[in-house]
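Residue numbers for the sequence shown follow the working numbering, beginning at 10 and rising by one.
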Amino acid sequence: MRAHEAGALHAEGYGGPPLYLPYPEDVNALLPQLWARTVHRGEDGALRVGGLDVRSIAAEFGTPAYVLDEEDFRSRARAFRDDYAGPFAEVCGGADVYYAGKAFLCTEVARWVADEGLGLDVTTGGELAVAQRAGFPAERIALHGNNKSLAEIEQALSYGVGKIVIDSLDEIERIDAVAARLGVVAPVMIRVTVGVEAHTHEFIATAHEDQKFGLSLATGVAKEAAGRVLDRTGTMRLLGLHSHIGSQIFDTGGFEISVRRLIGLHAELVREHDIELPSMGLGGGFGIAYTSQHTPLSPAELGEQMADLLEREGKIIGDGDGSSIPRISIEPGRAIVGPAAFTLYEVGTVKPVTVNERVTRTYVSVDGGMSDNIRPALYEADYSCTLASRRSDAPPMLSRVVGKHCESGDIVVLDEYLPADLRAGDLIAVPGTGAYCRSLSSQYNHTPRPPVVAVRDGRARLIVRRETVEDILALDVG
């Protein structure tokens, strides 16, 4: 597109809605793929979730608040446990599903994950501490991280985690030292950088060479790492190889090369060292729908396609019949918790702004913002939203939902149609905020973090309380 000589504000098409956002016939309509399964509008037009009116949730717990549908979370976990894993039974004996705690983790959620029979993927000593507090079975925990400290390694080995995913040559020495001191054998996997460019945002693509995660397959460092581990039979046991190609991925095409290269190295190690490597980690990163432009696959579709891919590549690279394909594991986080939650805000200032002679956009300010959802500023992530506290017969207006923070980039929803009679005191809900919103939240402008409210069967309860100004001041030793 040619730049306009008077600046971008004067360019044709500037300020209008994106192509994926059509003018709605009904501004009150909900797109089912964006919301938890129990969310719908009641007869009076207000949103209901888990049998509860959002107005009652706001009255009891305040806003902003993350509202998490427990049954939706559990059903998505079961879908990966059963529908995704099912197709792998004949290919490699099944698939182990680890919930990626980095998406969102608290003690209660860890218990839900344990109840549903999933494993838990943690990346820090803090996340592991949550798992320990919940009494999560140690053998079903995997520890990731590109810079695990000696203390974190000791914490993991003392608790007896099922596997530690090695991310560097330095880490091999750390694990060796801690395991020797504790008198244990550490179960480990090697995280391999397979050189795949996932079609996603640069900051969430994790398998290309020029980034911090993993050990390069192309340069031979991954193979060297495996050899070093195999030389330390007294302190380490190599379970297999692991790869993660990125996040918010909508098809299995990127996994094809990843699986091919991972199986190739797996077969090479088995042949050269005459060993068994029972496991192979394929990571997670499965996308969800944040707006109408996103079309994620179901867990069943993902499982069928990935199982076919694994079987095909295993036969080509392995022993010809696929019998040596190791049992695989995956790590969905966003795909389980993301759609299960929405953020409930109260509207404050409503300000029409003339963008140019063709476009007027209404800025809708809410009582949260980038402190509770940094993803639009960090990743240019798109979200949707709806008027939640009532139904409106007013015509749609092009809106931008913004936060209360001192940044022009404090945007919650870049483009959305909201009713033209939107006013202060209304509630709006932003779906798909279960993943990486509370986890990435901050106290910017000394703003307390919102609570997480779990809902189920007509009952709401706090599972993470609202932070207070007193909590913030308590950290200030001055």
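Just so it is clear, CB atoms sit at the ideal spot from N, CA and C, and this is done for glycine as well.
When the beta-carbon positions are compared, residue 170 and residue 152 come within less than 8 angstroms of each other. Rounded to the nearest angstrom, the Cβ distance from residue 348 to residue 44 is 7 angstroms, consistent with a contact under 8 angstroms. Sixteen is the threshold: when 16 or more other Cβ atoms of the shown chains lie within 10 Å of the Cβ of residue 343, as they do, the residue is buried. Positions of the alpha helix (DSSP H) runs, each at least 4 residues long and wholly inside the stretch 102-154, are given as 116-124, 134-142 in order along the chain. By the 16-neighbour rule on beta-carbons within 10 angstroms, residue 65 is exposed. The beta carbon of residue 390 sits closer than 6 angstroms to those of 384, all from its chain and outside the five residues before and after it, given in chain order. Annotation note: the stretch 305-351 contains the following uninterrupted alpha helix (DSSP H) runs of length 4 or greater, listed N- to C-terminal: 308-326, 343-346. The DSSP-derived three-state label of residue 469 is strand.
Comparing alpha-carbon positions, the option among 314, 429, 315 lying closest to residue 360 turns out to be 429. Burial of residue 107 is indicated by the presence of at least 16 other C-beta atoms within 10 angstroms of its C-beta. For residue 455 and residue 183, the gap between their C-alpha atoms comes out near 38 angstroms. In the three-state scheme derived from DSSP, where H, G and I count as helix and E and B as strand, residue 222 is classed as coil.
Going by beta carbons, residue 127 and residue 443 fall outside the 8 angstroms limit. DSSP places residue 179 in the uninterrupted alpha helix (DSSP H) bounded by 178-191. Taking 8 angstroms as the upper bound for CB-CB distance, residue 199 and residue 251 are in contact here, some 7 angstroms apart.
Following the DSSP letters along the chain, one finds residue 172 inside the beta strand (DSSP E) bounded by residues 172-175.
A straight line joining the alpha-carbon of residue 54 with that of residue 48 spans about 12 angstroms.
Collapsing the DSSP output to three states places residue 399 in coil. Burial state of residue 220 is exposed, judged by a 10 Å Cβ sphere holding fewer than 16 other Cβ atoms. With respect to the 8 angstroms criterion, residue 71 and residue 475 are classified as neighbours on the basis of their beta carbons. As computed with DSSP, residue 258 is found in a beta bridge with 295.
Shown here, residue 239 sits in a helix according to DSSP, grouped into three states.
Cβ-Cβ separation between residue 422 and residue 394: approximately 5 angstroms, consistent with a contact (criterion under 8 angstroms). Sixteen is the threshold: since fewer than 16 other Cβ atoms of the shown chains lie within 10 Å of the Cβ of residue 167, the residue is exposed. Annotation for residue 178: 224, 230, 233, 234, 237 place their beta carbon closer than 8 angstroms to its own, counting only its chain and skipping 5 residues before and after. Within 10 angstroms of the beta-carbon of residue 477 lie fewer than 16 other beta-carbons, which makes it exposed.
The closest CA to that of residue 28, considering only 300, 268, 453, is found on 300.
Residue range 245-251 is occupied by the beta strand (DSSP E) that includes residue 247. Counting of Cβ neighbours within 10 angstroms places residue 307 among the exposed residues, the total staying below 16. Inter-segment contact for the stretch 108-119 and the stretch 402-419 is absent: fewer than three beta-carbon pairs are separated by less than 8 angstroms. Setting aside the 5 residues that flank it on each side, residue 90 is surrounded in the same chain by 106, 125, 126, 127, each with a C-beta closer than 7 angstroms to its C-beta; the list follows chain order. One thing to note: residue 397 has its Cβ within 8 angstroms of the Cβ of residue 353. Contact annotation: the stretch 95-104 does not touch the stretch 372-381, with fewer than three C-beta pairs closer than 8 angstroms. DSSP, reduced to helix, strand and coil, places residue 157 outside both helices and strands of the structure shown, so it counts as coil.
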